[in-house]
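Numbering (the numbering used here), first residue to last: 5 to 102.
Okay, so here's the structure we're looking at.
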């Protein structure tokens, strides 16, 4: 059996939720009728930013000590989670104001 590294999915959750929301928004811009397109993409983008912000807050709460993850290619720490919280807050505010 091939040895695989242990993956901390919680640390990756903010980025993965933004990736999923952006994919859903892009897919919606093609499949949703034109009269509903702007509202749909705004709601999906806002939901993605809020979800990523919640995950970043959880990571911030559970990351008292910095740790290397995924074969030392990724670091989980409070500073990174705080930066993700700021980016998600700014993104959600931008979607609300647009």
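Positions of the beta carbon are idealized from the N, C-alpha and C atoms, including for glycine.
Owing to the predicted nature of the structure, the values given are computational and were not obtained by experimental measurement.
- The beta carbon of residue 61 lies closer than 8 Å to those of 85, 89 in the same chain, with the five residues before and after it left out.
- Cβ-Cβ distances below 7 Å link residue 53 to 92, 95, 96, 99 in the same chain, with the five nearest sequence neighbours on each side left out; the list follows chain order.
- Counting only runs that start and end inside the stretch 14 to 89, the alpha helix (DSSP H) elements of at least 4 residues fall at 41 to 66.
- For residue 102, the closest of 46, 66, 82 by C-alpha to C-alpha distance is 46.
- In this structure, the alpha-carbon of residue 56 lies about 24 Å from that of residue 9.
- Residue state for residue 11 is assigned as coil, using DSSP reduced to three classes.
- 58 is the residue among 58, 38, 44 whose C-alpha sits nearest the C-alpha of residue 22.
- Residue 63 places its beta carbon 8 Å or farther from that of residue 20.
- Of the other Cβ atoms in all chains shown, fewer than 16 fall within 10 Å of the Cβ of residue 71; this residue is therefore exposed.
- Remark: C-beta atoms of residue 29 and residue 49 approach each other more closely than 8 Å.
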